[in-house]
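To start, the structure under review is shown below, and the notes come after it.
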Amino acid sequence: MKKWLSIIVVLAMMAAMLLTACGQADADQANTNGTDQDMSQEQDNQESDALYKPGTYEGEGQGHAGPIKLAVTVNENAIEKIEVVEFSDSEFAEEPRDQMIENIIAANSADVDAVAGASLTSSSVKEAAAAALALAYVNGAPEDNSAAETDEDTAPQVLEDRTTDVVVIGAGGAGLTAAIEAKNNGANVIIVEKMPIIGGNTKYATGGLNAAETSVQKELGIEDSIELFYEDTMKGGGNINNPDLVNVLTHNAKNTVEWLIGMGADLSDVGRMGGASVNRCHRPSGGAPAGNHIVEVLYAQAEKLGVEILMSTQATAIINEEGKAAGIEVESNEGIYNIHAKAVVVASGGFGANNELVAEFRPEFKGYGTTNHPGATGDVIDFASTMNVAYVDMKEIQTHPTVMPSNNYMITEAVRGNGAILVNQEGQRFVNEIDTRAVVSKAELEQTGQSAYIVFDQGVRESLSAIEGYYKKGFLLEAETPEALAELMGVDPQALAGTLASYNQYVAEGVDPDFERPDMPRDLVTGPYYAVEVAPAVHHTMGGLMINTDAQVLNTDGEAIDGLYAAGEVTGGVHGNNRLGGNALADITTFGRIAGTNAAQSIQ
Ligand code: FAD
Ligand code: SIN
């Protein structure tokens, strides 16, 4: 431990020296390009009131998925520009990052308020800017007077209250769906979204949306049934799912698909996901990512109907009027206020990005990466307790088995569904690749290095356009032959070539004697070949608020709470101890519709 501490200290010193050298080098560069006048000006600076030594200085902060590095350019008295040199976080964090940069330039200081709903991104940007400015100050950083601020200075401004019929917390898939249906049923609706962009985890969804007996399946000649969908879902969830909720999900998902298609969604490609007996996962043609497309369709409809969406506005409490939900308290960049409403729909998503909370329920996941967007922190799940809500299955938290350890980027299960295999560091298969996530994640953790490689060929690549995104981002190792690919992976070439040859034989025979993989849609014989290293990361929180089949939130006595509805990942009970791939999009839209409809009808 001591040895590690010394190494860390030495590395930190080296980094500080490098940063100083870099900032200094840039400053020197600025001066060597200048004239004698510049040099004498520099001397003057030492004695003058100049705040900064002109130049460009780099500083680093720690973001959600890795470091953020900024290059801050200053003149004598002001920050001129800030450029992003390195940024590892998701696209969700780009908007708050840029907002913070703008605020820092305007304030001429790294000491600015965080952007609402993006505290981690805000603090990482502040950290990086402060580190750069520390190198730029002529006489050190100006004194921090914030401690001297009075409570009055720091207290948020109290704004005028608003009133509506239905208020929805969260502009992800469930919230947008609920808002549309509430509006369709005659209610005035406001959605509050704490992040600066809409979409939540729904925007990230890739593989697709499960439904049985849809018109699309019929057109493609896929035989499926609601009963089989129900059985797969219950089995996948370890049979601890609430059967009534699963019944509603499996019977109504096909109507949800038709509803989405009716609003312009393209769900014409149907593929296989883990734990499904047949192909029932609906996605855009060519196998394009499903979530962003669905969010776009829902958002366009919500806009068309006149749903009001308040961005960067965080719900902080549910107003409890003698046990009835009567609106919410919110906080925005401008201040705090109440939104009074006749019904509240909670659609705030899960808590996969809150590792502290995850580890509270599942200590073995402490320090795990996550596929989730940074706003998936579960704050509403927490404060909803003031309504005496009942919670269910809180410790049921799922890892996704194919997440890149370097950047937490999820490689969709659809890649395996369309034919890819998983091999370990020895170049051997070790599991039925399209088993449930719980099974595949566990098997992966038993392999050398607790990771694996997804391996596939050009045929699989061409079957799923989502793969093009991975290719363009440079995630894939690529080689003309299995042996050459193995070299890139650091795996024994003969072992990988042998594994592929056996697998291709199983495809030809239609039977996998090693792991009983039930569906092997294509052989892997067409170069180039591709691989990407993956490991499990926290993906879905199956537990949450307990609801009934009408999407009403139940209290600890099992009674429906007046005026309080919930849908989506914030709820529990639908997925048991393991959600099947494709079942969340079905859940959030199906129960989102029910929640929005019932919330609106309850107030008529
Ligand atoms: P979200 O979409 O997360 O939306 C919740 C919203 O509420 C967020 O925008 C959040 O910022 C906001 N919010 C939270 N707290 C507050 C607050 N206090 N005030 C205001 N706003 C708040 N499932 C599938 O079925 N198929 C897939 O292909 C699939 N792929 C996935 C890929 C990835 C990378 C991830 C992470 C998940 C995937 N899932 C998939 C799961 C699925 O996307 C989610 O379970 C689902 O989208 C959750 O929808 P939601 O509307 O409940 O929550
Ligand atoms: C994926 O595309 O692998 C994720 C699907 C899901 O979480 O349902």
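Counting from 1, position 492 in the sequence shown corresponds to residue 559 in this note's numbering; the numbering is continuous, with no gaps.
Positions of the beta carbon are idealized from the N, C-alpha and C atoms, including for glycine.
Just so you know, these numbers come straight off a predicted model, no measurement behind them.
Query, Result
"When Ile328, Asn400, Gln381, Val313 are compared against Gln166, the one with the closest alpha-carbon", "Asn400"
"Burial state of Gln465, where buried means 16 or more other Cβ atoms lie within 10 Å", "buried"
"Check: His360 C-beta below 7 Å from any heavy atom of ligand 2", "no"
"Exposure of Gln561, with buried meaning 16 or more beta-carbon neighbours within 10 Å", "exposed"
"Gly611 (DSSP reduced to helix, strand or coil)", "strand"
"Integer Cβ distance of Ala634 from Ala414, believed to fall under 8 Å", "5 Å"
"Range of the contiguous beta strand (DSSP E) that encloses His467", "464-470"
"Ligand 2 heavy atom lying under 7 Å from the CB of Thr437", "no"
"Ligand 1 heavy atom lying under 7 Å from the CB of Ser508", "no"
"Endpoints, beta strand (DSSP E) assigned at Ile385", "381-388"
"Distance cut-off 7 Å: Met477 Cβ against heavy atoms of ligand 1", "yes"
"Distance cut-off 7 Å: His407 Cβ against heavy atoms of ligand 2", "no"
"Nearest-angstrom Cα separation, counted from Ala420 out to His440", "7 Å"
"Close beta carbons around Ala653, own chain, < 7 Å, minus the five adjacent residues each side", "Leu276, Asn277, Ala278, Leu316, Ala320, Thr323"
"Distance between beta carbons of Val411 and Leu631, contact taken as under 8 Å", "6 Å"
"The beta strand (DSSP E) enclosing Phe154, as first and last residue numbers", "146-154"
"Option nearest Thr548 by Cα separation, candidates Phe582, Arg504, Arg584, Tyr596", "Tyr596"
"Backbone CA spacing between Asn455 and Ile628 [nearest angstrom]", "9 Å"
"Unbroken beta strand (DSSP E) run spanning Glu398, endpoints", "391-398"
"Check: Asn268 C-beta below 7 Å from any heavy atom of ligand 1", "yes"
"For Thr123, the first and last residue of its enclosing beta strand (DSSP E)", "122-129"
"Through-space distance from Phe428 to Met378, alpha-carbon basis", "31 Å"
"Span of the beta strand (DSSP E) around Gln619", "619-621"
"7 Å CB neighbourhood of His318 in its chain, flanking five on each side removed", "Ile293"
"Among Gly557, Gly402, Glu125, nearest to Thr221 - alpha-carbon criterion", "Gly402"
"Nonlocal neighbours in the same chain, by C-beta distance under 6 Å from Arg660, ignoring five residues either side", "Thr244, Glu248"
"Three-state secondary structure assigned by DSSP to Phe523", "strand"
"Test item: CB-CB of Ala443 and Asn309 under 8 Å", "no"
"heavy atom of ligand 2 below 7 Å from Gly242 C-beta", "no"
"Limits of the alpha helix (DSSP H) - the one that Ile670 falls within", "Segment: none, Ile670 is in no alpha helix (DSSP H) and carries neither H nor E."
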